[in-house]
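Below: one structure, written as structure tokens.
Number of protein chains: 2
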Amino acid sequence: MPPEPDQIDALLARVRFTDDGLVPAIAQQHDSGEVLMMAWMTGDTLRETLTTGRAVYFSRSRGERWAKGDTSGHTQQVREVRLDCDADTVLLLVDQVGGACHTGDRTCFDADVTVVSA
Amino acid sequence: MPPEPDQIDALLARVRFTDDGLVPAIAQQHDSGEVLMMAWMTGDTLRETLTTGRAVYFSRSRGERWAKGDTSGHTQQVREVRLDCDADTVLLLVDQVGGACHTGDRTCFDADVTVVSA
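If you read the sequences in order, they're chains A and H.
Going by this note's numbering, the first residue of the first sequence is number 2, and it counts up by one from there.
Going by this note's numbering, the first residue of the second sequence is number 2, and it counts up by one from there.
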């Protein structure tokens with residue numbers, strides 16, 4: 002069951018968007034804990050995400066709404082939306098179909114790893 | 002062993018900072034997978050993080066360097082620094098001492114949870 006409309010309104014009212022009307026959203030695989038990607042949302046795409054249960058972002062480079070998986074099929078079903086302590090970052094717990102990254106990798110953080118300490 | 006200086010230079014050269022010279026950094030507990038917090042880094046604080054093995058951020062509100070745990074003792078020892086596919090987000094795999102959140106919670110995403118689907 003998606004959240005009630007008044008619950009969605011209340012959540013959106015808590016979010017502190019940037020001056021550009023954006024909020025960073027981290028997508029994490031709900032069971033494995035993998036951090037899959039980080040992208041941006043507007044109020045509208047966060048509302049759509051909460052209403053439909055599917056992650057929808059906003060592309061800053063293209064300046065448009067971007068429903069994850071529309072071209073790749075690699076959708077994200079959203080289980081939980083969490084807001085951080087100062088309400089300026091969103092954490093999505095999702096079930097990722099296929100790879101999250103446009104390169105085909107499972108996560109966007111797989112390819113460039115620097116070990117700092119053991 | 003921290004990365005070699007030339008390895009640090011090469012990593013810093015790959016990062017795509019914002020016009021303000023910042024990059025978002027996600028801190029994740031290396032073993033449990035918990036997403037602890039999201040904060041921002043400058044080139045200088047990312048370099049210090051890589052050199053010292055301790056997470057150092059930049060406070061946008063205070064406009065100053067901020068070494069995690071300096072006041073709370075809740076430091077983050079950094080195991081890995083990962084860069085995402087378009088090099089504009091950093092993922093830190095850390096060992097968090099105590100709670101990551103200034104509220105005392107283990108993570109900054111513990112307190113505001115909205116269930117979207119089962």
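Virtual Cβ for every residue (Gly too), placed ideally from N, Cα, C.
Being a predicted model, the structure only gives us computed values, none of them experimental.
At the 8 angstroms Cβ level, is S73 of chain A part of the contact set with chain H, yes or no?
For the purposes of this step, residue 73 of chain A is identified with residue 72 of the first sequence, where counting begins at 1. False, the Cβ-Cβ gap to chain H never drops below 8 angstroms.
For A119 of chain A, which of helix, strand or coil comes out of DSSP?
Counted from its first residue, the first sequence places residue 119 of chain A at position 118. Of the three classes helix, strand and coil, the one that applies to A119 of chain A here is coil, per DSSP.
Let me know the beta strand (DSSP E) ranges lying completely inside the segment 16-47 of chain A, each 3 residues or longer, listed in chain order.
Whole beta strand (DSSP E) segments, 3+ residues: 24-30 and 36-42.
In chain H, which residues lie less than 7 angstroms from Q78 of chain A when you measure between Cβ atoms?
Within the first sequence, the letter at position 77 stands for residue 78 of chain A. Here the neighbours are S118.
Which same chain residues, not among the five before or five after R15 of chain H, have their C-beta less than 8 angstroms away from its C-beta?
One-based indexing of the second sequence puts residue 15 of chain H at position 14. Excluding positions up to five away in sequence, the list reads L84 and A88.
Helix, strand or coil: which one does DSSP assign to D10 of chain A?
The sequence position of residue 10 of chain A within the first sequence is 9, counting from 1. The answer is helix: DSSP assigns D10 of chain A an H, G or I state.
Output needed for G99 of chain A: all residues of its chain with C-beta closer than 6 angstroms, excluding positions within five of it in sequence on either side, in chain order.
Within the first sequence, residue 99 of chain A is the residue found at index 98, counting from 1. H75.
In whole angstroms, give me the CA-to-CA distance for V91 of chain A and P25 of chain A.
Here residue 91 of chain A is taken as the residue at index 90 of the first sequence, counted from 1. Here residue 25 of chain A is taken as the residue at index 24 of the first sequence, counted from 1. Taking the straight line joining both Cα atoms gives about 6 angstroms.
Pick out whichever of H:P6, H:A28 and H:A101 has its Cα sitting closest to the Cα of G70 of chain H.
The residue given as residue 70 of chain H occupies position 69 in the second sequence. Of the listed residues, the one whose Cα sits closest to G70 of chain H is H:A101.
Taking one C-beta from the segment 43-56 of chain A and one from the segment 110-117 of chain A each time, how about it: are there three or more such pairs within less than 8 angstroms?
The segment 43-56 of chain A vs the segment 110-117 of chain A: no contact.
Anything in chain A within Cβ reach of T90 of chain H, meaning under 7 angstroms, just list it in chain order.
In the second sequence, the residue the question calls residue 90 of chain H occupies position 89. M39, listed in chain order.
By the 10 Å Cβ neighbour count, where 16 or more other Cβ atoms means buried, how is A56 of chain A classified, buried or exposed?
One-based indexing of the first sequence puts residue 56 of chain A at position 55. Buried is the call here.
Is the CB of G54 of chain H under 8 angstroms away from at least one CB in chain A?
By one-based count along the second sequence, residue 54 of chain H stands at place 53. Yes, G54 of chain H counts as interfacial toward chain A.
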